[in-house]
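Here our numbering is used: position 66 in the sequence shown is 90, and no number is missing along the way.
Heads up, the beta-carbon is just placed ideally off N, CA and C, and yes, glycines get one too.
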Amino acid sequence: MYWFISAFIVASAIFFIAPQKAPAEVNSTKLKRHLPFSLLILPIIVLSWLVIDAITNGANYATVAAFGFVSTACLIALPKLHRYIMPCALLTAIALIVMVAQRF
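Here it is in structure tokens:
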């Protein structure tokens, strides 16, 4: 539940910080070279928190699903790793299905 609350807080912060108007034309030469790695700061922090939590409390399917969500965010931030987004999303979907099936 904490990861859902923290994801909602982060999404709200991004919504308020993001610019209101996006330019119609994007020039890729203006992008900074280190930009994708700066986008990884928050997912890496959350990923390390999940690993520490999994080590101390044991892993279950909710931990695997949360790990999949955060890993997908990391993969989206790095263009070279976009080919691994679908396998990561599949792992997350399977973990969510098993987690829901265990509730019944």
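- Around the beta carbon of Leu99, a 10 Å sphere encloses 16 or more other beta carbons of the protein chains shown; the residue is thus reported as buried.
- Here the stretch 107–115 does not lie against the stretch 71–83, with fewer than 3 beta-carbon pairs under 8 Å apart.
- Collapsing the DSSP output to three states places Leu120 in a helix.
- Cβ-Cβ distances below 7 Å link Phe93 to Thr116 in the same chain, with the five nearest sequence neighbours on each side left out; the list follows chain order.
- Taking 4 residues as the minimum length, the alpha helix (DSSP H) runs contained wholly in the stretch 57–103 are 59–63, 65–81, 85–101, in order along the chain.
- DSSP places Phe32 within a helical segment (H, G or I) once states are collapsed to three.
- Phe128 carries a coil assignment under DSSP once its states are collapsed to helix, strand and coil.
- Met123 has its alpha-carbon roughly 22 Å from the corresponding atom of Ser72.
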